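**Student:** The structure's right below; bear with me while I get my questions together.
Number of protein chains: 2
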Amino acid sequence: MADGPADASESRAERKERTRRAILDAALALAADSNLAAISLRQVAKQVGVVPTAFYRHFGSLELLGLALVDESFRSLRLMLLDVWRHAPEYRDFIDGSLPIVAQHVRENRSHYAFIARERTAGPPRVREAIHHEIALITRELSTDIARTGAAEQYSTHDIGLLSDLIVSFVVTMAERLVEDPDSEERTLAEARTQLRMLLVGALNWRSREPGGGA
Amino acid sequence: MADGPADASESRAERKERTRRAILDAALALAADSNLAAISLRQVAKQVGVVPTAFYRHFGSLELLGLALVDESFRSLRLMLLDVWRHAPEYRDFIDGSLPIVAQHVRENRSHYAFIARERTAGPPRVREAIHHEIALITRELSTDIARTGAAEQYSTHDIGLLSDLIVSFVVTMAERLVEDPDSEERTLAEARTQLRMLLVGALNWRSREPGGGA
DNA sequence: CCTTTCAGTGAACGTCTGTTCACTCAAGTG
DNA sequence: CACTTGAGTGAACAGACGTTCACTGAAAGG
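Residue numbers (this note's numbering), protein chains in the order written: chain U, 1 to 215; chain P, 1001 to 1215.
See the structure below:
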């Protein structure tokens, strides 16, 4: 078994789950120094304190491990977004209300965000696919939310989609920066706030006043 | 030697350069299926058709190879940007004029862009650093260009920097998408055009009309 | 023409890789 | 209490890994 006290009152399923968690955490930690495709099953097993073969009792391959990590990363992220959107109407300012929540979530789940940021572009194809799928889902949800609140009535459905994508892409970029350089969180956040305001305040007046012409 | 005709009229330096190129190309191709940190010196050597040891005649490590690839990727990119900015005043519409040039450059240098997109977040620390440095330089140049053309007179120097960063981040994201899904180039480009217009047309009216308040 | 230079060779090293297999032995079960 | 289940073991495998070393042989240079 991995480690920890051999608690007699721990069920078999509980012990298995504990090892599974240890494997997920070990992979997360090891991949942080490079990336998923560059680490080995044996490194993970050694870090967990388990023989290499034991890995297969939990995951069929490192790629499936990766998909599990994508899953749990986004499960947590979606809970946070639910919270953001549920409380959105309470905020006098949507941006000032939401950005700090995102920042806090990144801070508390640094390794997951770092994993997503890396594997989004460099992971095994299936992992990349899964991440893009999750991000696309979130973009769609933001679209319906924008449409529902009627914040952009002059926009077509298609253009609301484009606006959502613009926002999500920007937040993804911001999250990448928070992960890459945690010490600059305050400045990154302050700048992102201004930029998001540039983007939103501008964009929301766009269609009605400037249907075609040059920038 | 790698391959190709053993042209007698080829100087020693030329043959060396030819092998060096072959190594760069092989690494680019191999990393495309995963990433730099996940490929091996021996794979590269085998693909080039050279014994593993020969690699060291050209690069001290895969990481240094990566730095060379960053270098040549951005050298080409900067030439393109020079072209974009030099011809910018000629365009009736800056966006319609510039975006297709970027798209064409991505199309013609797909493997380099794919490399940058991946290694930007997943590469060895030094490679990541080099890429971020290059992107920061480009952002700075865009800032001075925006200031020079007086397109955003109501902006402070600091805010022009933030606007440039917003634009560059967006174009980076667009380039990533063009690389990831070349078949959708036309749609990606059309959407990016609209989004960039949302961003710019809006942002350029921002400071003067909406100094604080909520979006 | 003789000497130097150096890109590429080929063998050898110790280490790490993924995967197989038969196994143990405690928890779960009827 | 006897029986099954299954998480974790440990040996073994064939192959790939980075790096070393002494080497070859043709081009470059005096």
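Just so you know, even glycine gets a beta-carbon here, dropped at the ideal spot from N, CA and C. Here the structure is a predicted model, which means the values were calculated and not measured.
1. Given that Asn35/U touches chain P, what residues does it touch there, using C-beta distances under 8 angstroms?
2. Any Cβ of chain P within less than 9 angstroms of the Cβ of Arg110/U?
3. Below 8 angstroms CB to CB, which residues in the same chain sit around Leu28/U once its five sequence neighbours on both sides are set aside?
4. Considering just the uninterrupted stretch of the alpha helix (DSSP H) at Phe59/U, what are its terminal residues?
5. For Gln43/U, which residues of its own chain have a beta-carbon under 6 angstroms away from its beta-carbon, when the five flanking residues on both sides are left out?
6. State buried or exposed for Pro1125/P, treating a residue as buried only when at least 16 other CB atoms are found within 10 Å of its CB.
7. Please check if any C-beta of chain P sits within less than 9 angstroms of the C-beta of Leu178/U.
8. Please name the residue, chosen from Ala1147/P, Leu1065/P and Phe1059/P, that lies closest to Leu1204/P on a Cα-to-Cα basis.
9. Starting from Ser156/U and walking both ways along the alpha helix (DSSP H), at which residues does that stretch end?
10. Is the stretch 67 to 87 of chain U touching the stretch 1163 to 1170 of chain P, taking contact as three or more C-beta pairs under 8 angstroms?
11. Just tell me which of Lys16/U, Ala88/U, Leu178/U and His158/U has its CA closest to the CA of Thr1121/P.
12. Using beta carbons (cut-off 9 angstroms, strictly below), is Ser184/U in contact with chain P?
13. Using a Cβ-Cβ cut-off of 7 angstroms (strictly less than) and excluding sequence neighbours within five positions of Glu63/U, which residues of its own chain qualify?
14. Say yes only if the C-beta of Gly1123/P is nearer than 8 angstroms to one or more non-hydrogen atoms of the ligand ADP, and no if none qualify.
15. Please report the distance separating the alpha-carbon of Glu129/U from that of Glu1010/P.
16. I'd like to know if Ser169/U contacts chain P, where contact means its C-beta is closer than 9 angstroms to some C-beta of that chain.
17. Could you check how far apart the C-beta atoms of Ile1131/P and Glu1119/P are, in whole angstroms? I think they sit under 8 angstroms.
**Tutor:** Looking at the coordinates:
1. Your numbering for residue 35/U matches position 35 in the first sequence. Residues of chain P passing the Cβ test: Asn1035, Ala1037, Ala1038 and Ala1122.
2. What you label residue 110/U is simply residue 110 of the first sequence in a count that begins at 1. Not an interface residue.
3. As a working note, residue 28/U is residue 28 in the first sequence. Answer for Leu28/U: Leu69, Ser111, His112 and Phe115, listed in chain order.
4. Against the first sequence, residue 59/U aligns to sequence position 59. Per DSSP, Phe59/U belongs to no alpha helix (DSSP H) and is neither H nor E.
5. Against the first sequence, residue 43/U aligns to sequence position 43. For Gln43/U, where only same-chain residues beyond five positions count, the Cβ hits under 6 angstroms are Leu30.
6. In the second sequence, counting from the first residue as 1, residue 1125/P sits at position 125. Exposed is the call here.
7. Position 178 of the first sequence, counted from the first residue, corresponds to residue 178/U. By the rule that beta-carbons nearer than 9 angstroms mark a contact, Leu178/U does not touch chain P.
8. Translated into the one-based positions of the second sequence, residue 1204/P becomes position 204. Closest option to Leu1204/P, judged by alpha-carbon separation, among Ala1147/P, Leu1065/P and Phe1059/P: Ala1147/P.
9. If you number the first sequence from 1, residue 156/U lands on position 156. Neither: Ser156/U is in no alpha helix (DSSP H) and is coded neither H nor E.
10. Verdict: no, contact absent.
11. The sequence position of residue 1121/P within the second sequence is 121, counting from 1. Among Lys16/U, Ala88/U, Leu178/U and His158/U, the Cα nearest to that of Thr1121/P belongs to Leu178/U.
12. On the first sequence, residue 184/U is found 184 positions in, with the first residue counted as 1. So no, Ser184/U is outside the interface.
13. As a position in the first sequence, residue 63/U is number 63, starting the count at 1. Cβ within range, chain order: Pro124, Arg126 and Val127.
14. In the structure shown, the ligand ADP is absent, as is every other ligand, since no ligand is present at all.
15. Here the question's residue 129/U lines up with position 129 in the first sequence. Here the question's residue 1010/P lines up with position 10 in the second sequence. A direct Cα-to-Cα measurement between Glu129/U and Glu1010/P gives close to 46 angstroms.
16. Walking along the first sequence from the start, residue 169/U turns up at place 169. Answer yes: the Cβ-Cβ gap between Ser169/U and chain P drops below 9 angstroms somewhere.
17. By 1-based counting over the second sequence, the position of residue 1131/P is 131. By 1-based counting over the second sequence, the position of residue 1119/P is 119. Cβ atoms of Ile1131/P and Glu1119/P come within 8 angstroms of each other, at about 6 angstroms.
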